[in-house]
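Below is one structure, written out as structure tokens; comments come after it.
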Amino acid sequence: MEREKKDLSFILILLSTLIGTAVLFQWAIVTGLYAPLRNPAMWERLMEKDILFRFLYVILIGGLAFLFPVGKVKDENKKWVYTSMTLVTASMLVVGFSRLSAWYNLFVFPILFVAYTLLVIKTLPYFLRRHAQSDDSIFGLSREESAFYFRFETASGPLVIHKPQQNVYIDGGPGSGKSESWIKGIIYQCAERNYAGFVYDWEGDPTKDKSPILSRIAYGSIEHFRNKGMETPRFAYINFVDMSRTVRVNVLSPQYMSKGNESLFIRNIIMTLMKNLEASWKEKTDFWANNAINYVYSIAYKCFKERKLGICTLPHVIALALSDSNLVFHWLSEDPEIALNMSSMLTAWKLGAQQQTAGAVSSAQTPLVLLNNKYIFWVLSPLPEEEFSLDITNKEHPTLLCVGNAPTIKEAVSPAISCIGSVLMSQMNNPGKATSIFMVDEFPTILLQGIDTFIGTARKHNVATILAVQDFNQAVRDYGEKSANILKASCGTQAYGMTGNEKTAKDIENLLGEKKEAQESYSHQAGGNNSVTESLQKEKVLKARDIAGQAAGHFIGKIAGGKPPFFSVQMDMCRFEEKEIPRFSLPVKLGNGKEEMELEILEEIIQQNYIKIIEDVNAILKKIEDKLKEKSAVPPTGTHKTEQKIIR
Numbered sequence: 068m069e070r071e072k073k074d075l076s077f078i079l080i081l082l083s084t085l086i087g088t089a090v091l092f093q094w095a096i097v098t099g100l101y102a103p104l105r106n107p108a109m110w111e112r113l114m115e116k117d118i119l120f121r122f123l124y125v126i127l128i129g130g131l132a133f134l135f136p137v138g139k140v141k142d143e144n145k146k147w148v149y150t151s152m153t154l155v156t157a158s159m160l161v162v163g164f165s166r167l168s169a170w171y172n173l174f175v176f177p178i179l180f181v182a183y184t185l186l187v188i189k190t191l192p193y194f195l196r197r198h199a200q201s202d203d204s205i206f207g208l209s210r211e212e213s214a215f216y217f218r219f220e221t222a223s224g225p226l227v228i229h230k231p232q233q234n235v236y237i238d239g240g241p242g243s244g245k246s247e248s249w250i251k252g253i254i255y256q257c258a259e260r261n262y263a264g265f266v267y268d269w270e271g272d273p274t275k276d277k278s279p280i281l282s283r284i285a286y287g288s289i290e291h292f293r294n295k296g297m298e299t300p301r302f303a304y305i306n307f308v309d310m311s312r313t314v315r316v317n318v319l320s321p322q323y324m325s326k327g328n329e330s331l332f333i334r335n336i337i338m339t340l341m342k343n344l345e346a347s348w349k350e351k352t353d354f355w356a357n358n359a360i361n362y363v364y365s366i367a368y369k370c371f372k373e374r375k376l377g378i379c380t381l382p383h384v385i386a387l388a389l390s391d392s393n394l395v396f397h398w399l400s401e402d403p404e405i406a407l408n409m410s411s412m413l414t415a416w417k418l419g420a421q422q423q424t425a426g427a428v429s430s431a432q433t434p435l436v437l438l439n440n441k442y443i444f445w446v447l448s449p450l451p452e453e454e455f456s457l458d459i460t461n462k463e464h465p466t467l468l469c470v471g472n473a474p475t476i477k478e479a480v481s482p483a484i485s486c487i488g489s490v491l492m493s494q495m496n497n498p499g500k501a502t503s504i505f506m507v508d509e510f511p512t513i514l515l516q517g518i519d520t521f522i523g524t525a526r527k528h529n530v531a532t533i534l535a536v537q538d539f540n541q542a543v544r545d546y547g548e549k550s551a552n553i554l555k556a557s558c559g560t561q562a563y564g565m566t567g568n569e570k571t572a573k574d575i576e577n578l579l580g581e582k583k584e585a586q587e588s589y590s591h592q593a594g595g596n597n598s599v600t601e602s603l604q605k606e607k608v609l610k611a612r613d614i615a616g617q618a619a620g621h622f623i624g625k626i627a628g629g630k631p632p633f634f635s636v637q638m639d640m641c642r643f644e645e646k647e648i649p650r651f652s653l654p655v656k657l658g659n660g661k662e663e664m665e666l667e668i669l670e671e672i673i674q675q676n677y678i679k680i681i682e683d684v685n686a687i688l689k690k691i692e693d694k695l696k697e698k699s700a701v702p703p704t705g706t707h708k709t710e711q712k713i714i715r
């Protein structure tokens, strides 16, 4: 092939030289620089074919340029400038000489002759480089819209998540702008469009400065649009620190349990509670853990069955679990169904296997001690008429419920919040509900039992699950690798900011895949046989180092069903409104600046509520104790007859 190319080059060079020489002779004759004395007929025929010779020269020079390596294109914008100049020069060269201007023939024509040759060499690279083309960029801005959507402003224009019900995963390290770019904007738009939902506020302690962060934005945004006369969701707030700013909920309320599945509902709540209290039980439970969970579940189920006594609340369950286990076992064994559920423990207890029963009971009591707190008891034990309904996606009164954690006491607060989250998932994942979100920022800080199932099924009920995390490895640590991967894979929309984790950056690199990149190699050999080779090489769309080194507010990711699906943009800071949450849950309002007295009254009521729960439990166990005393005081019938015989 190289030899054939070399032979063709030689022929074209020879022909170009001969034709070019003929054109130069024509120029010399026209300008009078050369006057042929011999063979005038031959020169006359040469002049008659002057246009043909110039046309052949144009074609031969163009063909010859195709056979030689071309230089690298530096500025694609100059392509049509060079192309236009080449075509104009070629046309003027073919037209040839002027009959009116000898000056043109003498000076301009030779310039055109040389300029055409140079312009061909400059122009051809723009067209020859198309043999190997790189793939177009996969990034863009999806602007599809639907009835349920979220819109974000970026430096390049609006970016729209038009199918949020296919779930959203946001991953960004500290300082990446995760909250400012995404989270706060979603809350603001929920208030604007009357979307209901649950917002988990990691920094949700109202006693701290500028806290709770997300809850203040939810309240401020709802007030902002309500004052404009727009329809908005109701606002509700739960926390376990400031009792003057919290609604109260009963996670064991019968209203959340479907008929026939009460025991399954209660088991799920207790499983969530205990696994949040004991980190080692999250992925795997041993013999002691299973017995401990079953012990607390049995107490909760018995409380449900005796709910007419007013003991079907989580604080009553906790108080009973922390009480004398011997009396509790007697109380539980009164119910045949519960006795069967915990038959192994009751058998060991009846046989006097103290080590086995004590091990199971202590495994339950040790973590539950964290929840023995009057504020936790207050929030989770309302009277039926005081209870806030967790049916927040009811179309008649859609509610945006914010639940605040407190990082300084998260070990006690997170389990309670997880129980609330479990009830919310069971209520939201039903047909005929309002459009809603289930937003969990810093989601590894709480364990939500069954969220991997919820995230995959709630989408058909127009629930958008939004999970945000500083680093995916935190989710792996707290949920286990299998569950964490399922959660991320279930999110159709994913956004990644800067990260310090190499594995996370590599995962994003693999998510974006590969593209074909055109590459060239030049060869210059001593024999004059020069060549250029073009090829397509597969390369990563983005390297891990580029992903890890993103600027604050810059995110890379994909949009579920987006056109195009991938984006790489600098996000603008979200618009939002922020307002301090007022003290809305004071039981007594005296007015006239007597707020301190109002708080003292609230504190006394909370203390009395705690005492009442303990008294309720003691009353139940006192009845059991009295029954045991009565039973032990009456001698067995067989023994009485034997004594009579001895007396005789």
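Remember, the numbering used here sits 67 above the position in the sequence shown when you count from 1.
Ideal placement from N, C-alpha and C gives every residue a C-beta, glycine not left out.
N- and C-terminal bounds of the alpha helix (DSSP H) containing residue i
i, result
"ILE626", "No alpha helix (DSSP H) holds ILE626; DSSP gives it neither H nor E."
"GLY471", "Careful: GLY471 lies outside any alpha helix (DSSP H), inside the beta strand (DSSP E) at 466 to 471."
"PRO434", "421 to 435"
"LEU491", "477 to 495"
"ARG293", "280 to 294"
"GLN541", "539 to 546"
"SER411", "410 to 417"
"ALA395", "A small correction: the amino acid at residue 395 is Val; Ala does not occupy that position in the sequence shown. Counting along the chain, the alpha helix (DSSP H) containing VAL395 begins and ends at 392 to 400."
"VAL446", "441 to 446"
"VAL363", "354 to 372"
Where residue i falls, given that 16 or more other Cβ within 10 Å makes a residue buried
i, result
"LYS417", "exposed"
"THR571", "buried"
"VAL266", "buried"
"HIS198", "With a pLDDT of 49 at HIS198, under the threshold of 50, the modelled position of this residue cannot be trusted; read the value that follows with caution. Answer is exposed; the Cβ neighbour count stays below 16."
"SER243", "buried"
"THR380", "buried"
"VAL181", "exposed"
"PHE354", "exposed"
"ALA285", "buried"
"ASP508", "buried"
"LYS625", "buried"
"ALA346", "exposed"
"PRO511", "buried"
8 Å contact criterion, which residue i and residue j should meet: CB distance rounded
i, j, result
"TRP523", "MET492", "The sequence shown places Gly at residue 523, not Trp. In fact, because the Cβ distance is near 12 Å, the residues do not count as touching under 8 Å."
"VAL446", "ARG544", "Actually they are not in contact, since the Cβ atoms of VAL446 and ARG544 sit about 28 Å apart, beyond 8 Å."
"VAL125", "VAL97", "Not quite, the Cβ-Cβ distance comes to about 18 Å (not below 8 Å), so this is no contact."
"LEU304", "CYS486", "A small fix is needed here, since residue 304 is Tyr in this sequence, not Leu. With 8 Å as the limit, TYR304 and CYS486 do not qualify as a contact, their Cβ atoms being about 17 Å apart."
"LEU438", "ALA479", "6 Å"
"SER278", "PHE643", "That pair is no contact at about 16 Å."
"MET565", "GLY616", "7 Å"
"ALA483", "ILE443", "6 Å"
"ALA542", "LYS573", "Going by Cβ atoms, the distance from ALA542 to LYS573 rounds to 16 Å, so no, they are not a contact pair."
"VAL384", "ILE366", "5 Å"
Selection from the options that minimises the alpha carbon distance to residue i
i, options, result
"GLY252", "THR221, GLN232, THR274, ASN577", "THR221"
"THR150", "VAL161, GLY129, VAL162", "GLY129"
"PRO465", "PRO321, GLU697, PHE292, CYS257", "CYS257"
"SER652", "TYR262, LEU669, ILE678, ARG642", "LEU669"
"SER213", "THR502, ALA356, GLN617", "THR502"
"SER429", "MET341, VAL227, LYS573", "MET341"
"ILE513", "ASP458, ILE648, TYR546, GLU569", "TYR546"
"TYR262", "TRP269, GLY426, ILE254", "ILE254"
"LEU208", "TYR677, GLU645, PRO631, LEU688", "PRO631"
"GLU48", "ILE78, LEU100, LYS441", "The first residue shown for the chain is 68 and the last is 715, placing residue 48 beyond what the model contains."
"VAL227", "SER489, ALA627, SER411, GLU663", "ALA627"
"ASN328", "TYR368, VAL684, GLU576, GLN674", "TYR368"
"PHE622", "GLN637, GLY240, LEU344", "GLN637"
Residue(s) in a DSSP beta bridge with residue i
i, result
"TYR262", "DSSP output for TYR262 lists no bridge partner at all."
"LEU511", "Just to set this straight, residue 511 is Pro in the shown sequence, not Leu. DSSP output for PRO511 lists no bridge partner at all."
"MET506", "VAL266, ILE533"
"ASP693", "According to DSSP, which records beta bridges pairwise, ASP693 is partnered with nothing at all."
"GLU220", "PRO225"
"ALA303", "LEU468"
Residue i: CB within 8 Å of a non-hydrogen atom of the ligand SAH
i, result
"ASN496", "The model on display carries no ligand, and the ligand SAH is accordingly not part of it."
Span of the beta strand (DSSP E), counted from its first residue to its last, around residue i
i, result
"GLN561", "560 to 563"
"VAL235", "235 to 238"
"PHE521", "Per DSSP, PHE521 belongs to no beta strand (DSSP E); it is in the alpha helix (DSSP H), 518 to 524."
"PHE633", "633 to 637"
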